[in-house]
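Residue numbers (this note's numbering): 35 to 301. Glycine included, C-beta positions come from ideal geometry on N, C-alpha and C. First comes the structure, then the notes that go with it.
Following this line, the structure appears as structure tokens:
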């Protein structure tokens, strides 16, 4: 499988000699990563991209369902108009457990032309920029005894490489080689749950911009005590410019959050 994956990278223009370097960087990131433990329910979100109405719907849903923690997989800004409001809501959320930065948030890391353009374009509050700069690119979350890498694009942190739901070769490769029990990721804007060889990968999809077959915005609702995860969708009515939360977990009715039960979920 490793050979097949290396061949895939070669066709994408990524030299196989880079693979060891990527994994060494991942090992270093894991060693230095902040570690948190989750026991309550968790709202898992990613790729909000300034979509405050969708974020508020997901938060309102979570509040109705009791005590919960917020896990954000990055890309809070760009595309939509409420960038300051989204940053303020997420960065200052009292029950925020894991908040990492994505590639769009990383524009704020360097004071280059792209940085200045983004700041000016979105009129980002300088106090919020400072907070975004302090976010980690990787963290580790313990759930039911599983240690999971929380990242934005993939365990390598290589934003030019996307892990799509139907690509079991890539998912298996990362799960086999990561020295943890799995990972949560975003970046593709497509919800996915995959378990193989006693490890798990989860992508909540996007609250900011839908891609793939689904036109809905999505988020994940993780229930450690019940050992299950559910995905919810928010329908965008473009004619009326309104958002509607579908109260039933329509993407996946109920999935056991148990890596021993192998599930390849593709909608």
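Within its own chain, the residues whose Cβ lies closer than 7 Å to the Cβ of residue 189, once the five positions on either side in sequence are excluded, are 60, 183, 208, 212 and 217, listed in chain order.
In the three-state scheme derived from DSSP, where H, G and I count as helix and E and B as strand, residue 103 is classed as strand.
Per DSSP, residue 202 is one residue of the alpha helix (DSSP H) stretching across 202-211. Under the 10 Å beta carbon count, residue 78 is surrounded by 16 or more other beta carbons and is classified as buried. With respect to the 7 Å criterion, residue 220 and residue 81 are classified as neighbours on the basis of their beta carbons. In the same chain as residue 297, and ignoring 5 residues on each side of it, the C-beta atoms closer than 8 Å to its own belong to 227, 228, 229, 289 and 290, in chain order.
In the DSSP assignment, residue 125 falls within the alpha helix (DSSP H) that extends over 117-125. Counting along the chain, residue 88 sits inside the alpha helix (DSSP H) bounded by residues 86-98.
By the neighbour-count criterion, in which 16 or more other beta carbons inside 10 Å mark a residue as buried, residue 237 falls on the buried side. Take the alpha-carbon of residue 157 and the one of residue 136: they are about 19 Å apart.
Judged by DSSP in its simplified three-state form, residue 164 adopts helix. Distances from the CA of residue 125 to each of 115, 138 and 106 were compared; the closest alpha carbon is that of 106. Within the same chain, Cβ atoms closer than 7 Å to the Cβ of residue 73 are found at 258, the five residues on either side in sequence being excluded. In this structure, the alpha-carbon of residue 202 lies about 33 Å from that of residue 90. Taken atom to atom, the span from the alpha-carbon of residue 234 to that of residue 92 is near 23 Å. The beta carbon of residue 181 sits closer than 7 Å to those of 174, 214 and 215, all from its chain and outside the five residues before and after it, given in chain order.
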